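**Q** According to full-length UniProt numbering, the sequence shown is numbered sequentially starting from 1.
Note that beta-carbon positions come from the ideal geometry of N, C-alpha and C, so glycine has one too.
If you're wondering where the values come from, they're calculated on a predicted model, not measured in any experiment.
One structure, pasted below without further comment.
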Amino acid sequence: MSKRDEDIIVCRCEDVTLADIRKAIGEGATTMDEIKRITRAGMGPCQGRTCRLLVAAELSRYLGKPLEQVMPSTYRPPVKAVKLGDLADMDADPEEVRED
Ligand code: FES
1 MSKRDEDIIV
11 CRCEDVTLAD
21 IRKAIGEGAT
31 TMDEIKRITR
41 AGMGPCQGRT
51 CRLLVAAELS
61 RYLGKPLEQV
71 MPSTYRPPVK
81 AVKLGDLADM
91 DADPEEVRED
């Protein structure tokens, strides 16, 4: 790991550097979730919208796998922050929304 890796911010929300990501991978992390748990990359206010691809690219390069194989196939909510007030202001009939 170089000094330069410590200066490269991958996840600006959680202040995670390229060195942090490489250290996690070097310690055995082989999935996006493992890197997320170890470093908190992707757990900030943007929920990884900014850093997810950068982390995946580093993991892909390390594992020698295509990017599509290391990226999670689904996003977990909240994909985008929604204010509770916006939900409360929705003009929807709860009986109409219910599908059980
Ligand atoms: S940049 Fe990583 S969670 Fe926002």
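Where residue 25 and residue 59 are concerned, what is the direct C-alpha to C-alpha distance, given to the nearest angstrom?
**A** In the sequence shown, counting from the first residue as 1, residue 25 sits at position 25. In the sequence shown, counting from the first residue as 1, residue 59 sits at position 59. If I take the Cα positions, the gap works out to 7 Å.
**Q** If the criterion is Cβ atoms closer than 7 Å, does the pair residue 10 and residue 54 meet it?
**A** Stepping through the sequence shown from its first residue, residue 10 is reached at position 10. Stepping through the sequence shown from its first residue, residue 54 is reached at position 54. Contact: yes.
**Q** Check whether the Cβ atoms of residue 71 and residue 56 sit closer than 7 Å, and answer yes or no.
**A** As a working mapping, residue 71 is identified with position 71 in the sequence shown. As a working mapping, residue 56 is identified with position 56 in the sequence shown. Yes, the pair counts as a contact, with Cβ atoms nearer than the cut-off.
**Q** When you compare each of 50, 87 and 65 to residue 12 by their alpha carbons, which one comes out closest?
**A** Position 12 of the sequence shown holds residue 12. Looking at the Cα atoms, 50 is the closest of the given residues.
**Q** Considering only C-alpha positions, which residue in the set 91, 8, 31 and 4 is nearest to residue 68?
**A** For the purposes of this step, residue 68 is identified with residue 68 of the sequence shown, where counting begins at 1. The candidate whose alpha carbon is nearest that of residue 68 is 31.
**Q** Whose C-beta lies closer than 8 Å to the C-beta of residue 5 among residues of the same chain, with five residues either side of it excluded?
**A** Locating residue 5 in the sequence shown gives position 5, where the first residue counts as 1. Once the five neighbours on either side are set aside, the close Cβ partners of residue 5 are 17, 18, 19 and 22.
**Q** Once DSSP output is grouped into helix, strand and coil, what is the label at residue 39?
**A** The residue labelled residue 39 in the question sits at position 39 within the sequence shown. Residue state, collapsed to three classes: helix.
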